[in-house]
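Residue numbers (this note's numbering): 10 to 528.
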Amino acid sequence: MSSATPESEAKEIELKLVFDPAHAAALCAHPLFSAGDDAPSGPRVLESKERELVSVYYDTPDDDLRKAGVFLRVRNAGAGYVQTIKTARAESEFLERREWECALPSNAFDLSAAKGTALAPLLSDTVRAALGPRFETRFARQTHLIDDEGTLVEAAVDQGDIVAGDNSTRVCELELELKSGKCATLFSLAKYLAETVPLTLSVKTKAERGFDLLDGGEPEFERALPIDIAPEETCANAFRIVARNCLRQVLVNLPGTRAGHAESLHQMRVGLRRLRAAVTLFGDVVDGPHRAQIGDELKWIAGRLGRARDLDVFISDIMEPHRADYPDDLGWKAVEERVRRAREEAYKAAVVATGSARFRLALLDVGAWIEFGDWTEGSNRRAREPVEGYASATLSQLRRSVVKKGKDLQKLSVPQRHRLRIRAKQMRYGSEFFSATFPGKRSAKRCRKSLAALEKLQDSLGMLNDIANRQTLFDLGNDGPDPVTRPMPKLGPGEEKALLKTARQAYARFAEIRAFWKA
Numbered sequence: 010m011s012s013a014t015p016e017s018e019a020k021e022i023e024l025k026l027v028f029d030p031a032h033a034a035a036l037c038a039h040p041l042f043s044a045g046d047d048a049p050s051g052p053r054v055l056e057s058k059e060r061e062l063v064s065v066y067y068d069t070p071d072d073d074l075r076k077a078g079v080f081l082r083v084r085n086a087g088a089g090y091v092q093t094i095k096t097a098r099a100e101s102e103f104l105e106r107r108e109w110e111c112a113l114p115s116n117a118f119d120l121s122a123a124k125g126t127a128l129a130p131l132l133s134d135t136v137r138a139a140l141g142p143r144f145e146t147r148f149a150r151q152t153h154l155i156d157d158e159g160t161l162v163e164a165a166v167d168q169g170d171i172v173a174g175d176n177s178t179r180v181c182e183l184e185l186e187l188k189s190g191k192c193a194t195l196f197s198l199a200k201y202l203a204e205t206v207p208l209t210l211s212v213k214t215k216a217e218r219g220f221d222l223l224d225g226g227e228p229e230f231e232r233a234l235p236i237d238i239a240p241e242e243t244c245a246n247a248f249r250i251v252a253r254n255c256l257r258q259v260l261v262n263l264p265g266t267r268a269g270h271a272e273s274l275h276q277m278r279v280g281l282r283r284l285r286a287a288v289t290l291f292g293d294v295v296d297g298p299h300r301a302q303i304g305d306e307l308k309w310i311a312g313r314l315g316r317a318r319d320l321d322v323f324i325s326d327i328m329e330p331h332r333a334d335y336p337d338d339l340g341w342k343a344v345e346e347r348v349r350r351a352r353e354e355a356y357k358a359a360v361v362a363t364g365s366a367r368f369r370l371a372l373l374d375v376g377a378w379i380e381f382g383d384w385t386e387g388s389n390r391r392a393r394e395p396v397e398g399y400a401s402a403t404l405s406q407l408r409r410s411v412v413k414k415g416k417d418l419q420k421l422s423v424p425q426r427h428r429l430r431i432r433a434k435q436m437r438y439g440s441e442f443f444s445a446t447f448p449g450k451r452s453a454k455r456c457r458k459s460l461a462a463l464e465k466l467q468d469s470l471g472m473l474n475d476i477a478n479r480q481t482l483f484d485l486g487n488d489g490p491d492p493v494t495r496p497m498p499k500l501g502p503g504e505e506k507a508l509l510k511t512a513r514q515a516y517a518r519f520a521e522i523r524a525f526w527k528a
């Protein structure tokens, strides 16, 4: 056992982007990476290196470290071994992660060097005894130290594999790590590169992807992760925690969406809706000239996915359940085929949109705006205040709006019900965002009951709102040489009445539950 000691705690500030292997040569040959001291202006490379890196990640068979958001790695960098302990809280960390490094005399990890790190509290006797290698990363790294007007950034192009037993997955990543200077430079360099090479913002670390491989491969989809905002957190930091969480949900579901997985697309849209709701709920905090532009880009992305989702729901809720109701109707199969072709075209359009330069650059703009957009400048007093009071006032205002709009629900017109549903959705997202801001068992119980009622209200209103849209989609599929000889199956008076009753009951439950943010 060596007597290694960790360096003092450091913050790794890094932006991660992924690319297709087909674009590796174009990335490596980018003019940025060859701009040396003789560059007339702009960023210039101070030094470049190439090396092979092999890293072993350790954990227990039960993944105790992973569950705590801590990773232990030993890397062979060619000139010796380096042990790294790193945090990676998937639900909130984006650019910044804490890490501790120390040199080792061999490839054996050294737990004596964990003192004072995030790993130390996890090292029970049981965990110590169970630690072992879980997977490896093997890749070639091309690094360039870039000076951009005094800001130093290390750009690392990684190509290789993550290996777990007989399974492996490809690594094609660009990491931009801040060495000194301004964080915003990471995004400006990323945009400069992404304007000519298809680079997509990413949030998953190699460690996360390695554990995904152990679990059987990258998950097809990921739902929103929990959010934990302490009452004393500033409004600005609270918004960042929420927005990072939402942005992650968008990014991690992108591969599944592009592969045509319905639930991935749904979760990506949910992430976009949550992010748009966060911008609205924190409106007084993030107000600034660029807020409207960010909102427009998020709306554009969501719009490119909407038709595919509508057709997914139509197929699962109407076509498949009612297939048996049309055994002798020659037009039914033709309708199904036309609707499924429309779905295929909608997914192709979604793939084109999410692979476009506008989409990739919009993601970078959104990420940069979240971290240090124009709203972070100046003297916004609200941004520096503790979030508890802001959350209480915001939730109270939303609650009053839902209660007011939901009165006499059975008499509301279709547009009025739609507006109530949107407000109920905002209330639901806001409650999820701030659920941990008001601690205590009583608050938690009220919050759970409120969220259950809001979900039921939102779902029942959503089903009512979908009726007209489903008729439009059916008409699209039924516009052919062999039309269905009977009308589309739709809600009868009894079913519609039942949905309205469910909505009224959910509304009544929500209205009677005491606000969880009040004593």
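Cβ atoms here follow ideal geometry from the backbone N, Cα and C, with glycine treated the same way.
This structure is a prediction, so every number in the text was calculated from the model and none was measured.
6 Å Cβ shell around residue i - same chain, five flanking residues per side excluded
| i | result |
| --- | --- |
| M10 | Legend: pLDDT at M10 = 38, less than 50; position of this residue unreliable, no value from coordinates given. |
| P240 | E397 and T446 |
| G315 | none |
| K308 | none |
| L529 | Since the first residue shown for the chain is 10 and the last is 528, residue 529 is missing from the structure and cannot be characterised. |
| V63 | N85 and R147 |
| R257 | V212 |
| V411 | R432, A433 and M436 |
| A520 | V412 |
| A515 | A462, K465 and L466 |
| H153 | F42, V54, S57 and A164 |
| E105 | K20 and I22 |
Neighbourhood of residue i by C-beta distance below 8 Å, restricted to the same chain and skipping five residues each side
| i | result |
| --- | --- |
| L320 | V348, A351, R352, A355 and L482 |
| K191 | T160 |
| S189 | T160 and L161 |
Beta carbon proximity, residue i to chain B, threshold 7 Å
| i | result |
| --- | --- |
| L284 | Judged by its chain identifiers, the structure shown contains no chain B, having just a single protein chain. |
Distance, residue j Cα to residue i Cα
| i | j | result |
| --- | --- | --- |
| A19 | E108 | 6 Å |
| S12 | D119 | Residue placement at S12 cannot be trusted, given a pLDDT of 47 that sits under 50; the coordinates are not used to answer. |
| R137 | T205 | 48 Å |
| T385 | V251 | 16 Å |
| V180 | A245 | 34 Å |
| A164 | H299 | 28 Å |
| E158 | D134 | 50 Å |
| G225 | N116 | 27 Å |
| F80 | L260 | 22 Å |
| R218 | D167 | 14 Å |
| G292 | V322 | 32 Å |
| Q425 | R283 | 22 Å |
Nonlocal neighbours in the same chain, by C-beta distance under 7 Å from residue i, ignoring five residues either side
| i | result |
| --- | --- |
| L223 | R143, F144 and A173 |
| R98 | G78 |
| R437 | L460, L463, E464 and Q467 |
| S325 | none |
| G376 | F196, L210 and L256 |
| V27 | C181, E182, T209 and S211 |
| R318 | L274, H275 and R278 |
Segment limits, alpha helix (DSSP H) that includes residue i
| i | result |
| --- | --- |
| R106 | Unbroken run through R106 is the beta strand (DSSP E), E105 to L113; no alpha helix (DSSP H). |
| Y438 | V423 to F442 |
| Q258 | C244 to V261 |
| R283 | A271 to L290 |
| I303 | R300 to F323 |
| C37 | A33 to C37 |
| F530 | Since the first residue shown for the chain is 10 and the last is 528, residue 530 is missing from the structure and cannot be characterised. |
| R347 | L339 to T363 |
| K200 | A193 to A203 |
Whole-Å CB distance - residue i paired with residue j, under 8 Å assumed
| i | j | result |
| --- | --- | --- |
| R278 | A311 | 6 Å |
| H270 | E229 | 5 Å |
| F220 | D72 | 7 Å |
| I327 | E186 | The Cβ separation is near 50 Å, so there is no contact. |
| F381 | S452 | That pair is no contact at about 33 Å. |
Bridge-paired residues (DSSP) for residue i
| i | result |
| --- | --- |
| Y90 | N85 and L113 |
| I22 | E105 |
| P395 | T243 |
| V79 | T96 |
| I236 | Bridge partners of I236: none, in fact. |
| S211 | K25 |
Cβ-heavy atom distance, residue i to the ligand MG, below 6 Å
| i | result |
| --- | --- |
| L281 | Summarising the ligand content, the structure contains no ligands, and the ligand MG is consequently not present. |
Run of the beta strand (DSSP E) containing residue i, from where it starts to where it stops
| i | result |
| --- | --- |
| Q151 | G141 to D157 |
| Q168 | T160 to A173 |
| L55 | R53 to D68 |
| V180 | N176 to S189 |
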